[in-house]
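Taken in order, these protein sequences are the chains called U and R. Quick note on numbering: the working numbering labels position 119 of the first sequence as 119, and the sequence is numbered without any gaps. For the working numbering, count along the second sequence from 1 and bump the result up by 342.
2 protein chains.
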Amino acid sequence: MVTIADVARHAGVSSSTVSYVLSGKRAISEETRRRVRTAVRELGYHPNAGARALAARRSHIIALMVPLRTDVYVPVMMEIAIAVTTAARQHGYDVLLITNDEGPDGVRRIAASGLADGLILMDVELDDERIPVLRAQGTQATLIGLADDARGVSCVDHDFVAAGALCADHLADLGHREIAFIGYGSGVYHRHAGYAERTLAGFRDRAGQRGLRFLHRTCEGTYESTAGALARVLADRPGTTGFVVQNEGAIGPLLTLLRTSGRTVPEDVSVIALCQDQLAEQFAPRLTAVTGSAQELGRVAVEQIMGRLAAAGDGGRPDDDRALLIPTLTVRESTGPAPLLP
Amino acid sequence: MVTIADVARHAGVSSSTVSYVLSGKRAISEETRRRVRTAVRELGYHPNAGARALAARRSHIIALMVPLRTDVYVPVMMEIAIAVTTAARQHGYDVLLITNDEGPDGVRRIAASGLADGLILMDVELDDERIPVLRAQGTQATLIGLADDARGVSCVDHDFVAAGALCADHLADLGHREIAFIGYGSGVYHRHAGYAERTLAGFRDRAGQRGLRFLHRTCEGTYESTAGALARVLADRPGTTGFVVQNEGAIGPLLTLLRTSGRTVPEDVSVIALCQDQLAEQFAPRLTAVTGSAQELGRVAVEQIMGRLAAAGDGGRPDDDRALLIPTLTVRESTGPAPLLP
DNA sequence: GACATCTGTTTAAGCGCTTCGACACTTCAA
DNA sequence: TTGAAGTGTCGAAGCGCTTAAACAGATGTC
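Okay, structure coming up:
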């Protein structure tokens, strides 16, 4: 194992000089810097992570707490996790993966052991138990999602209210008057998942303003569940010409069911999805969709954590940032003008 | 911050005694053990990770290297990652997430810095550049996937050859004689992704033994690509009555296309998928599928790494384990007897 | 010419833990 | 009765790094 002492000897300087060259925290002559860098390269030196963490009281690790649950669209989670990892590396940080089932104790463990310098929490609930723990331990953290009381932490999320409104506006602009909103399973609403409630609220408000009539139906994302939801929609409001789908699993079944019931998209009914562009492109017809960038979410979360760590390191009190990412509407083939009344 | 010295003082013993109580590496009287445990609990003590890693030369972290690429079915990756994390925790280990784009340098960085005690590599290529680095550094590692030269590392993977054979057998048993194999995009085969090649080989061999005629068509997993593949199949072999689909993205489009071309599943054609059960259940009709457990894959990978670390810690030479997980066939609604010849 | 200032480097004191060897005491065998 | 072996605890060294403080030498100021 190559240590800093080996590098120092090889470069003919003291080990603190090597440390200062590597950290840039003190002025070092060009000449010395060159010799040290050469020695580092020639010996293949990598600072021992444990020793560094112990001495500097910084592990250069951030923990990412991910849900175990799979009723969220999984690829999005993975995309966020990878974006977080990539962004963190650019700041010289690594990412530790923690599962949600460790709960508040997990947060305590990570914070108290100094394993990670900061945390990013996914799948946050409105009254999340982990947040008070974070505050009590004075741990720097960012939430992906919103919480009721987010003092002492930063937050970033998609602006789901805007996303819902965007859907309502688009369908209203096309002249649709009766809309069905196919949401997540009822369990998602019962645990007050912010993204589900906020999208619905955004849609509902804008729909009201634009004079749309609408139904909200929960849907588990299976074929049967989608069939059930659609049947009830068509029974209750035969004149429905617009569909907003938030549950990714319901998209395929919905399109199939509409086709088999003799309805053509977009001539007879329009369908707009709240999902990733990649997914929207996979269907025929390609779906008009409202999307937020998962990558951006991960990137911003990392920036927030880095900002907090920098502020805390300088002895300051970090700002509790609150970022809402604006979603974009991409019009594709699945939405069109409302059919003329028969 | 609570240190081991605080615990020692609180319990009226020396700090080494506390350490021995926690590690169990020396006999400690029942009485002392109780007092120490109480002190730990009362003070909320968690050992400092950096100090522990430095002194014990073990970080209690394993690194998981995941692909950035998204042509693999992402939920499977996430399921493996979560299974790895959960299994590792049961051994007192945490998981560090590394992205594949760091390549061999990433392996060097992690190994040389002592950040992780071992690595789990996903998305392994047959002549993966990271493996020689692993050997050179003497780092303990497990591959999820197979490689040409895997000396010095352990491996675990699904038995894709058996999976392919299972598909051939099932369709042959049902009396089908002309089969189409809808695979991944050509890029996947060009980079010699083991899972794609081995499934195809397993299918091909068994198909040969069972006297099946078959076509292999690549498919990118989009609607257009699936439509193209299907059109060519039906043009070249109009008598095709069985479909094997490995590309998850192609499943939905294929079912839709078969339906619109007037073919009923399973009366006219049978479809068998190589995908997770969860996904297979989502379609209508529910798909007969051949599945390997992603969770099991992650779990076994962790067991292998733990075995290697234990052996290396005792000064031994770890065994290079090689585990192939047998896939299971679940018959659902999408396969049935071949139609009688007209 | 004396002193302050700046630049570049070294010395040395930890960071909080593990672990080796020493030690005190008890138990057992010869 | 003595020595050997076992049991339970402690003291202290050291893991590889960071960083405050000290220091040496060059440069500038009055």
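Yeah, the Cβ is synthetic: ideal placement off N, Cα and C, and Gly gets one too. Bear in mind that the values here come from a model prediction, so they are computed numbers and not experimental data.
CA-CA distance, residue i and residue j?
i, j, result
"U:R232", "U:R217", "8 Å"
"U:A88", "U:L340", "53 Å"
"U:A289", "U:P327", "10 Å"
"R:G544", "U:A136", "57 Å"
"U:L94", "R:L508", "Note on residue identity: the sequence assigns Asp, not Leu, to residue 94 of chain U. Rounded to whole angstroms, U:D94 to R:L508 spans 41 Å at the Cα level."
"U:A39", "R:L457", "22 Å"
"U:V153", "U:A55", "26 Å"
"U:E333", "U:C275", "15 Å"
"R:P679", "U:R69", "38 Å"
"R:V426", "R:R641", "6 Å"
"U:D157", "U:L297", "7 Å"
"U:H60", "R:G392", "11 Å"
"U:Y195", "R:D443", "31 Å"
"R:M343", "U:R210", "57 Å"
"R:I422", "U:H10", "44 Å"
"R:D663", "R:I486", "12 Å"
For chain U, find out if any of its Cβ atoms is closer than 9 Å to the Cβ of residue i; answer yes or no.
i, result
"R:S357", "no"
"R:D436", "yes"
"R:Y526", "no"
"R:E623", "yes"
"R:I647", "no"
"R:V344", "yes"
"R:E421", "yes"
Can you name the residues that DSSP bridges to residue i?
i, result
"U:T264", "Answer is none; U:T264 lacks a bridge partner."
"U:H190", "None, per the DSSP bridge assignment."
"R:H558", "R:F523"
"R:I440", "R:M407"
"R:H500", "R:L667"
"U:R290", "With the sequence shown as reference, residue 290 of chain U is identified as Val, and Arg is not the correct amino acid for it. U:L274, U:L329, per the DSSP bridge assignment."
What would DSSP say about residue i, mapped onto helix, strand or coil?
i, result
"R:F585", "strand"
"U:V153", "coil"
"R:G563", "coil"
"R:Q479", "helix"
"R:A652", "helix"
"R:I370", "coil"
"U:F283", "coil"
"R:M407", "strand"
"U:L234", "helix"
"U:L344", "Outside the displayed span of chain U (1 to 342) sits residue 344 of chain U, for which this structure offers no information."
"U:I110", "helix"
"R:E702", "Any property of residue 702 of chain R remains undetermined from this structure, which presents chain R solely from 343 to 684."
"R:I462", "strand"
"R:S356", "coil"
"R:D469", "coil"
"U:I82", "helix"
"U:I144", "strand"
"R:L682", "coil"
"R:V673", "coil"
"U:S270", "strand"
"R:V344", "coil"
Compare the C-beta of residue i against all C-beta atoms of chain R and say whether one is closer than 9 Å.
i, result
"U:N48", "yes"
"U:L119", "no"
"U:Y223", "yes"
"U:L329", "no"
"U:V188", "no"
"U:V74", "yes"
"U:M122", "no"
"U:R135", "no"
"U:A196", "no"
"U:V66", "yes"
"U:S59", "yes"
"U:R109", "yes"
"U:A113", "Reading off the sequence shown, one finds Ser at residue 113 of chain U, where the question assumed Ala. Chain R, which has a Cβ nearer than 9 Å to the Cβ of U:S113, makes this yes."
"U:P253", "yes"
"U:R52", "yes"
"U:E102", "yes"
Using 8 Å as the threshold, is the stretch 59 to 66 of chain U in touch with the stretch 107 to 120 of chain U, meaning 3 or more CB pairs across them?
The stretch 59 to 66 of chain U is in contact with the stretch 107 to 120 of chain U.
Decide yes or no for the touch test of the stretch 174 to 184 of chain U against the stretch 234 to 243 of chain U: beta carbon pairs closer than 8 Å, at least 3 of them.
A contact is defined here as three or more CB-CB pairs under 8 Å, and the stretch 174 to 184 of chain U meets this definition with respect to the stretch 234 to 243 of chain U.
Check whether the stretch 605 to 613 of chain R touches the stretch 643 to 651 of chain R, counting contact only when three or more Cβ pairs, one atom from each stretch, lie closer than 8 Å.
The stretch 605 to 613 of chain R vs the stretch 643 to 651 of chain R: no contact.
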